[in-house]
Amino acid sequence: MPVKGDIMANYQICEFCGNLCKQRTNRMCENCEETYRKIRSIVEDNPNTIVLEISNQTGVSVSRILSFVRNGYFIMKEGNIDILK
Ligand SMILES: [Zn+2]
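In our numbering, the protein residues as written are 1165 to 1249.
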């Protein structure tokens, strides 16, 4: 698919942190993707970890974690989250 001449076409607003970042295949910037991986590895290792505990372990705020839930990367369960398969 041909790319239009608009330089903005190469950039996007990250849906998670709102930063302008280079266009990527998914809609999150590299920082957020790293954050997502961190959360995901905790959930994979310990599926029963509550959101607050994930927040404590990663230093990622609860609202950031919930933004991944809102965008369909995790499923919210009672107090903890599950990976969307
Ligand atoms: Zn971001």
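Glycine included, C-beta positions come from ideal geometry on N, C-alpha and C. All of these numbers come straight from a predicted model, not from anything done at the bench.
Heavy atom of ligand 1 within 7 Å of residue i beta-carbon
| i | result |
| --- | --- |
| N1235 | no |
| M1192 | yes |
| N1183 | yes |
| F1180 | yes |
Contacting residues, own chain, Cβ-Cβ under 6 Å from residue i (five flanking each side not counted)
| i | result |
| --- | --- |
| F1180 | M1192, C1196 and S1231 |
Among the options, the one whose alpha carbon lies nearest that of residue i
| i | options | result |
| --- | --- | --- |
| I1247 | C1185, N1210, S1219 and G1223 | N1210 |
| Y1237 | Q1176, R1204, E1198 and N1174 | R1204 |
| Q1221 | K1202, N1190, S1227 and I1245 | K1202 |
| I1206 | E1194, G1223 and C1178 | G1223 |
C-alpha gap between residue i and residue j, whole angstroms
| i | j | result |
| --- | --- | --- |
| K1241 | T1199 | 20 Å |
| N1212 | R1234 | 19 Å |
Proximal residues to residue i (C-beta, below 8 Å), its chain only, five neighbours per side dropped
| i | result |
| --- | --- |
| Y1175 | L1184, C1185, K1186 and Q1187 |
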